[in-house]
Every structure is written in C-alpha cells, then in structure tokens.
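For reference, the structure discussed in these notes is given below.
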Amino acid sequence: MKQSNKNKKFRVFLRKAPRDCVHLVLTINYSGASFRGLQIQTHAPTHHTVEGVLLQAMKDVGLIDQISKGTIAGDDHHLGRSCRTDRGVHALKNVVALFATKAAFEKLGGVEGIKEKLNHALLPLVRVAQVTVVSANFIPRQCCSRRVYWYMMPLYAMVAPCDSWETLFKAHPDLSTALDHCAHGTTKEGVRFWDMNASSEAELSNPSLKLIVEKVNQCNELLQKYIVGYHRFHNFSVDVDNVRGTVNAKVIHPNDGKAARFIHRCTVAPFVYLIPSDGVPPSLREYHLSTASNPEELSGSSPSVLPYLVFQIEGTSFLFNMIRKIVGCVLAVLRGVREGMMEESLSPSMRVSTPLAPGPYLMLSHSFFKNYDSNLPEGGVFRPLAQEWEGAVAEETESFRWSVICKDIVGSDLNQLPPLDTILQARDHYWKERRPHTAEEDTHLPGEGEGRKGDRGAESVGDDAFPSTVEGAQLVRPTGATR
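The working numbering applies: residue 23 is where the sequence shown begins, and numbers increase by one.
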C-alpha cells in the first residue's frame, strides 16, 4: 500500500537548533563488507547496518537516550545522512547529522570527547573521523553538492579471457615482475604504485605493461564519449527483466525525470596500485572476534601484492546501481562486447539490459559541501567542512582507505570473507553477550527465523564475480605519494 504524504516525515529547514540542543555532524569512515548498508532498517536488527551500530554507540556513551524500532526515540533529533551506501559498499568521510542535547554534548567533553568515546565503543570497521558543530539548517543530503566514488578494478577484469588472478598471471607470466620493477611511486600509507604517465620507453616496450596502458586509454575514451556530461541513465539502474512480474519502485523509466543525470568527471586513473594480499582482512578479523576464534595469516597461490586500477566518477547524485552498471558496461566492451551497446543503453527510447559489476569493490571516496561552506560567514561560529577535514582527519581517512577498506576488498576478491549472513549471525550472538539491552531495542522485529529469512538489505549485491566471458573526480595523484 502506498504511504500517504501526511504520514511521511520530512526533514525541515531550521533557522536555529531546537531549544537546549546542538547540531552535530559525524564524519565517518567504514568498511561495508559486513553490513547491510549504511541506513538503519526497521525490518532487521539494528546492528546489521553501519548507522545502527553508530546509534548503539551513541546510546552507550550517552549522546542519545533511547533507540526505538531501529532509530532514535523521539522526533527532535532530525537524523540525516549525505550518502546512503548500499550493502557491501564502503565509504570515506560520509556524513551523519543529528541534534543532541547541550547537556550530553558538554558532559561528553565536546566534539573531541564525543569522537574519542564513540570510537572506543564502535567496531574497528567503523571510525568517527571528526565531530563538527554545524548550523541548524544543515541537511546532509541536500547540502552535499557533489560526490566522488572509487571502484577498485582488479586488473584481470579488464583483460579477456582472464576471470581470476590465476588466469591473469598464467596468461602474462612476466606481469608481476614487470610491475614490481616499474612501481616507483609510494603512497604515504606505504602502497606502491606504477605511474603510467611517468613510464620510460623501455617499460612500455613490455607487452604486458603496454596492454594495460592500451586498456586504460580505451576505457577513458569510452567514458569521455558516453558517460561524461548530461545523459539519461534509465538503463543503468534496476532492470525491468529482473522484476519477475512485480512492480518494483526502483525501476526508472526512459521518460522519468529521475533518469537525467550530469556526470562531471569519469575516468580510470593512470596508476596501478600494488595492494598487499597477505594478512587478515579486517572484516574477517571482526568475524573471528564474534566467534571467539583465532584468525590466522592467510596464504595462497596469489602473489603477495595484487594490481588494481581506480575508476573514479564524480556527480551530484546517482541512481541505484548506476555506478556499478557503468563499470559493468565499460568492462564488457573492453572484454569484447560491441561498443554499440553503450550508445543503445543511453538511448532515450530504448530499454536495454546492462551488466552489473560486483558491489564489494565500490567506495564513496569524497563528498563536497561547497555551497554550505561558501555561505558561512568568515570568522563565524561554524567552520567549513572542507577545513574540518584537513590535516589529521585527511591522514586518518587515507590510512583507513588502504589499511581497512582495500584489505577487505582484496579479501572479498580472494573469497576469504564468509558470506554476509554468516558474519551477521555471528554478530547477533556476540551482541547478545556484549549488549544484552540490544533485545530491548529490537522488540519490534519478528521472532527468530520468522519473517527474517529473506532479509537482504538496501541492495542485493548478486553474483560478486566478474564474468568469465563477455556474455555473462578530478584526477589527482595519490595523497602523500612520492616518486
């Protein structure tokens, strides 16, 4: 049944904070590998989402009073978020905003005290990078002017017929050695990379390296030709073919105004990152913690470092599955599908089924709040978010990118992580011991095994593997990089 407008709750613009309240922005970094997405879901346990465990930490430290039906009790908090990431998707500097009482704010020691206490209460997979006091009229989703996403593309996905690291290195036995010799750059976090634009003629004479450059150039030509600019992306969301006879509200039709999107930048960066594959992925470590087992160092036939490329896209907003569909289409063409598929998928009158790239490789990389920042009076009470995110916050964020998110991406890529349902079941049992009062917060849920069997979260990632056959932001140098 369609919900009537009178029953919906809308976030309103406020000229000043509610009485005896302060408006807070929590800048958070998280790995989404073991969550059903960011936003709280009232049909699932609170701790199954990033926002859920964040709310539980707020309650445990005393920032909020009660959690009811998966969200903060009461109507005065005005909880909001800037980017609603889906199941398995990671994020850096995502923003969650809420009103908290001045009494709780002061008791916890202000912004620094809240940050410290929340991080102590949270799982290591979720970190509060900064707590900021903002104006009352700040609404995260509406104030976010642009968003930049990264998709970490494993090199084998670009090179047909390879469908795994094993097949890639078998087809190109000299690739590991060649990349090791030409990876002269190092990020501040210690991740080595090859800068293609700084390559010598001798390096590019290597057939394997030359192939990578050709694939990246072909990819960027496709993105510039078909994706950058204003287009109708109705074929880059939920497929009508997958509706199976039911009405799916997420299907975007060709004549729907929601299909129109403007992409400011979209490119594959000319860097090949050599990401370490040893050690235990952070989400797997959390699973072992939940099951009281001891994680062991993982070993396998793959090299100690694996080459990834970074697909970057910058826009104001995106449709459900849109970024993963763009990646899927481009990879399909690189692997042999005719280029005409790209043109047909952007036709304002055609309905085309487009390939969907796996979800665990996607991360929100940055959010911009240009209009909000520029409208703040200079020297006023509130600081621009861009300034809040400089220095130590930027360093912590980049460290989290490479040491947590990318290690979980590699872990997913190598099938080292348990299925999401297995991880969440372990967390269910662990939470019963760690937070007995969790049961009181989730009394609205059906009984164990009743109505929960099909719970899938905000997005079903689907088959998290690149097809074995073709049928199946402004470019910046890595932060702190040296060459």
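Note that the Cβ used here is the ideal one computed from N, Cα and C, for glycine as well.
As the structure is a computational prediction, the values presented were derived from the model and not from experiment.
- In terms of Cβ geometry, C241 and Y330 do not form a close pair [threshold 9 Å].
- Using a C-beta cut-off of 8 Å, the segment 50-58 makes contact with the segment 427-446, since at least three inter-stretch Cβ pairs fall below that distance.
- In the structure shown, V75 falls within a helical segment according to DSSP collapsed to helix, strand and coil.
- Contact annotation: I249 and I161 have beta-carbon atoms that are not nearer than 9 Å.
- Inter-segment contact for the segment 177-186 and the segment 229-238 is present: three or more beta-carbon pairs are separated by less than 8 Å.
- DSSP places C166 outside any beta strand (DSSP E), giving it a letter other than H or E.
- M175 has L331 as its beta-bridge partners, per DSSP.
- Within the same chain, D217, M218, N219, V238 come within 7 Å of P292 by CB-CB distance, once the 5 residues on both sides are set aside.
- Minimum Cα-Cα distance from V290 among the listed residues C184, V332, D87, G350 corresponds to V332.
- It is roughly 21 Å from the alpha-carbon of A461 to the alpha-carbon of Y309.
- When L48, M344, E418 are compared, the shortest CA-CA separation from G132 is found for L48.
- Measuring C-alpha to C-alpha distances from S389 to each of K81, A113, R41, I89 identifies A113 as the nearest.
- S104 has its alpha-carbon roughly 33 Å from the corresponding atom of M363.
- Around V75, the same chain offers H69, L144, L145, V148 as residues with beta carbons nearer than 7 Å, after the five sequence neighbours per side are excluded.
- It is roughly 5 Å from the alpha-carbon of S312 to the alpha-carbon of Y452.
- Taking the Cα positions, C184 is about 18 Å away from V327.
- Residue state for R423 is assigned as helix, using DSSP reduced to three classes.
- Rounded to whole angstroms, the Cβ separation of C166 and F391 is 6 Å, and the two are in contact under 8 Å.
- With a cut-off of 8 Å on Cβ pairs, the segment 414-424 is in contact with the segment 200-214, counting three or more such pairs.
- DSSP lists no beta-bridge partner residue for E188.
- Three or more beta-carbon pairs separated by less than 8 Å link the segment 250-261 to the segment 337-348, which places the two stretches in contact.
- Listed in chain order, the non-local C-beta contacts of D278 below 8 Å within the same chain comprise H256, local neighbours out to five positions each way being set aside.
- Contiguous beta strand (DSSP E) elements confined to the segment 348-387 do not occur, taking only those with 3 or more residues.
- Runs of the beta strand (DSSP E) spanning 3 or more residues and lying entirely within the segment 436-469 do not occur at all.
- As the crow flies, the alpha-carbon of A126 is around 24 Å from that of D464.
- Within the segment 216-288, the runs of beta strand (DSSP E) that reach at least 3 residues and sit entirely inside it are, in chain order, 251-254.
- Comparing C-alpha distances from G207 to each of Y295, G251, D42, P406 shows the shortest one belongs to Y295.
- By the neighbour-count criterion, in which a residue is buried when 16 or more other Cβ atoms sit within 10 angstroms of its Cβ, A119 is buried.
- Rounded to the nearest angstrom, the Cβ distance from I431 to Y383 is 6 Å, consistent with a contact under 8 Å.
- Per DSSP, reduced to three states, the secondary structure at F342 is coil, with no helix or strand assignment.
- When rounded, the separation of the alpha-carbon atoms in V72 and M385 is 14 Å.
- By alpha-carbon distance to R41, the top candidate from M80, F121, G96, Q61 is F121.
- In this structure, the alpha-carbon of L353 lies about 32 Å from that of R307.
- By the neighbour-count definition (other C-beta atoms within 10 Å, threshold 16), A95 is an exposed residue.
- The C-beta of F284 has fewer than 16 other C-beta atoms within 10 Å across all chains shown, which makes the residue exposed.
- DSSP places S326 outside both helix and strand once states are collapsed to three, so it counts as coil.
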